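K.L.:
Could you have a look at this structure, given as structure tokens, before my questions?
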Amino acid sequence: MNEEILINATPSETRVALVEGGMLQEVWLERLGRNGLIGRIFKGRVSRVLPGLQAAFVDIGLERTAFLHAMDMTRPDPGESEGEAGTPLIADLLRAGDEVIVQVIKDPMGSKGARLTANISIPSRFLVLLPDAWNIGVSMRIEDESERARLKELVTLLRDDDSRHGYIVRTNAEGVNDFALSADMAYLRKVWQAVRERTAGVAAPGVIYEELSLPLRALRDMMHGNVDRVRIDDAEVLDQSRAFARSFIPDWLDRIEAYTGERPIFDLFGIEDEIDTALGREVPLKSGGYLVFDQTEAMTTIDINTGGFVGSRTQEETIYKTNLEATQAIARQLRLRNLGGIIIIDFIDMSDEEHRRQVMRSLKRALERDHAKTSVSELTALGLVEMTRKRTTESLERRLCETCPMCAGRGTIKSVETVCLEIFREIMRSGRQFEASKLMVLASPGVVEQILDEQSGAVAELEELIGKTIRFQTEDQYQQEQFDVVLL
994 MNEEILINAT PSETRVALVE GGMLQEVWLE RLGRNGLIGR IFKGRVSRVL
1044 PGLQAAFVDI GLERTAFLHA MDMTRPDPGE SEGEAGTPLI ADLLRAGDEV
1094 IVQVIKDPMG SKGARLTANI SIPSRFLVLL PDAWNIGVSM RIEDESERAR
1144 LKELVTLLRD DDSRHGYIVR TNAEGVNDFA LSADMAYLRK VWQAVRERTA
1194 GVAAPGVIYE ELSLPLRALR DMMHGNVDRV RIDDAEVLDQ SRAFARSFIP
1244 DWLDRIEAYT GERPIFDLFG IEDEIDTALG REVPLKSGGY LVFDQTEAMT
1294 TIDINTGGFV GSRTQEETIY KTNLEATQAI ARQLRLRNLG GIIIIDFIDM
1344 SDEEHRRQVM RSLKRALERD HAKTSVSELT ALGLVEMTRK RTTESLERRL
1394 CETCPMCAGR GTIKSVETVC LEIFREIMRS GRQFEASKLM VLASPGVVEQ
1444 ILDEQSGAVA ELEELIGKTI RFQTEDQYQQ EQFDVVLL
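Residue 1117 in our numbering is what sits at position 124 of the sequence shown, and the numbering runs on without skipping anything.
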């Protein structure tokens, strides 16, 4: 499927969109002063060692200390089976006050600090350098066994035997020659040498190495044979991207173009509208059905509904077609919304066993295009599918939105009638507890209007009951749930 990369850059924000077949698939953004930390290398100072958790908290200069687990302190021996030697005790590896070189592998999320590893890795276009390691791995996305063997043999031959550096061959390396791999190795060695030299001069906590900017990372990681072109709407970013391409991907330099259209670049393919849809709960399906996404701290749930779809001859066929269409939409929305962690999909119940198999096959096939690692369980008797998707950064919603001040994150607010009744209870409480001849109620315009209109009889009864006059005043700045009862 043909792909296109659109890069929108302003002084305060940079956004990158991946479009496949005219449809937005993924979007990334960086804002001034709020760039992601993944890939950065720090010299940190250990704040606390927690033997019970087999972990340590490390100060790397951020607002919250970062988390480092013992299993991320040492690289496994390539000849050793997983779990053979066990994880060393964190107390044997670190003490409070120690300096440690670490890399961020997961951004801070919510109340949690960044996740760290001491196993440094530096990516380039075709390879990932593993300093002080000796193993060579090949991306699992390269499925052809002969190609995997060819790449591993090439890297083994090209590697400098005098240096203990391991490598992971990335998916982009499929089909490339020894010259491209050799150039990548030379670049990575230079970067690692610069990191080592800078380490000596940086005081803890401090930054040793920063990843490329978002547009350059997009070129490095996303440029492949299916990408027809990259369009950029900023002259400075365009120059930087072309300079990067000349050094690392010269064959594809002509695919990087300036966007000079009158419309904003993200108006192409309706990208702004797609982003707005991705921030909502409901996603319509072409058939008339729809998906409902609910993101919580613990997990994300996805509910599938037939909605207005009644096109098939039987109910079972209608349900099957809705579920089948939903698998494609779900896979796309997971990428677009950048949802991670535990995900529960509630498919509409299907009685036909073959339909159940086809839906699961379709879901797994749709998820194959996802760059993030996913794991999918089988469909349960209740029609539920449990899956996980590796989460390294905040979801699109968490990046672009904040907690609603009116509902405090509940997603709903109390009705006008409920607030009116709460006011009446507070009037009763205040009228009996305090000595005053009058009470003044301050509330939002909608609440005051309802009280004076539909609840006027109840107000009259309250005045007679407490023996005090009650007055009402609208406050335009008050939210619907907000009110005050003042003694006069």
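Virtual Cβ for every residue (Gly too), placed ideally from N, Cα, C.
Predicted, not measured: the structure shown is a model, and the values here were computed from it.
Look up Ala-1197 in the DSSP assignment and say whether it is helix, strand or coil.
P.N.:
coil
K.L.:
How big is the Cα-Cα spacing for Asp-1339 and Val-1009?
P.N.:
Spanning the two alpha carbons is a distance of roughly 31 Å.
K.L.:
Grouping DSSP H, G and I as helix and E and B as strand, with all else coil, what is Met-1380?
P.N.:
strand
K.L.:
Pick helix, strand or coil for Lys-1036, following the three-state DSSP scheme.
P.N.:
Looking at Lys-1036 - three-state DSSP - the assignment turns out to be strand.
K.L.:
Tell me which same chain residues have a C-beta within less than 6 Å of the C-beta of Gln-1096, skipping the five on either side of it?
P.N.:
Ile-1034, Thr-1110 and Ile-1113
K.L.:
For the region 1217-1226 and the region 1244-1260, state whether three or more C-beta atom pairs, one from each stretch, are separated by less than 8 Å.
P.N.:
Verdict: yes, contact present.
K.L.:
Using C-beta distances below 8 Å, list every residue in its chain close to Arg-1210, excluding the 5 sequence neighbours before and after it, in chain order.
P.N.:
So the qualifying residues of the chain are Glu-1204.
K.L.:
Where do the ends of the alpha helix (DSSP H) carrying Tyr-1471 lie?
P.N.:
For Tyr-1471, there is no enclosing alpha helix (DSSP H), since its DSSP letter is neither H nor E.
K.L.:
Check each candidate in Arg-1041, Leu-1025, Val-1051 and Arg-1330 and name the one with the smallest Cα separation from Ser-1388.
P.N.:
In terms of CA proximity to Ser-1388, Arg-1330 leads the group Arg-1041, Leu-1025, Val-1051 and Arg-1330.
K.L.:
What is the DSSP secondary structure of Ser-1234, counted as helix, strand or coil?
P.N.:
helix
K.L.:
What are the start and end residues of each continuous beta strand (DSSP E) run of 3 or more residues lying completely inside the region 1348-1435, in chain order?
P.N.:
1367-1369 and 1377-1382
K.L.:
Determine which residues share a DSSP beta bridge with Asn-1001 and list them.
P.N.:
Arg-1008
K.L.:
Which of helix, strand or coil does DSSP assign to Met-1102?
P.N.:
strand
K.L.:
What does DSSP give as the partner residues of Phe-1060 in its beta bridges?
P.N.:
In the DSSP assignment, the residues bridged to Phe-1060 are Phe-1050 and Arg-1108.
K.L.:
Going straight from the alpha carbon of Lys-1461 to that of Leu-1480, what length do you get?
P.N.:
10 Å
K.L.:
Report the residue ranges of all alpha helix (DSSP H) runs contained in full by the region 1256-1287; include only those spanning at least 4 residues, in chain order.
P.N.:
1264-1271
K.L.:
Examine the Cβ distances between the region 1416-1430 and the region 1377-1387 and report whether three or more of them are shorter than 8 Å.
P.N.:
Output reads no: the region 1377-1387 does not touch the region 1416-1430.
K.L.:
In terms of residues, what are the limits of the beta strand (DSSP E) holding Asp-1085?
P.N.:
Per DSSP, Asp-1085 belongs to no beta strand (DSSP E); it is in the alpha helix (DSSP H), 1083-1086.
K.L.:
For Ser-1234 and Glu-1013, I'd like the C-alpha separation in whole angstroms.
P.N.:
21 Å
K.L.:
Quick one: give me the first and last residue of the beta strand (DSSP E) that Tyr-1160 is part of.
P.N.:
Residues 1158-1162.
K.L.:
In the DSSP assignment, the alpha helix (DSSP H) including Val-1452 goes from what residue to what residue?
P.N.:
1449-1459
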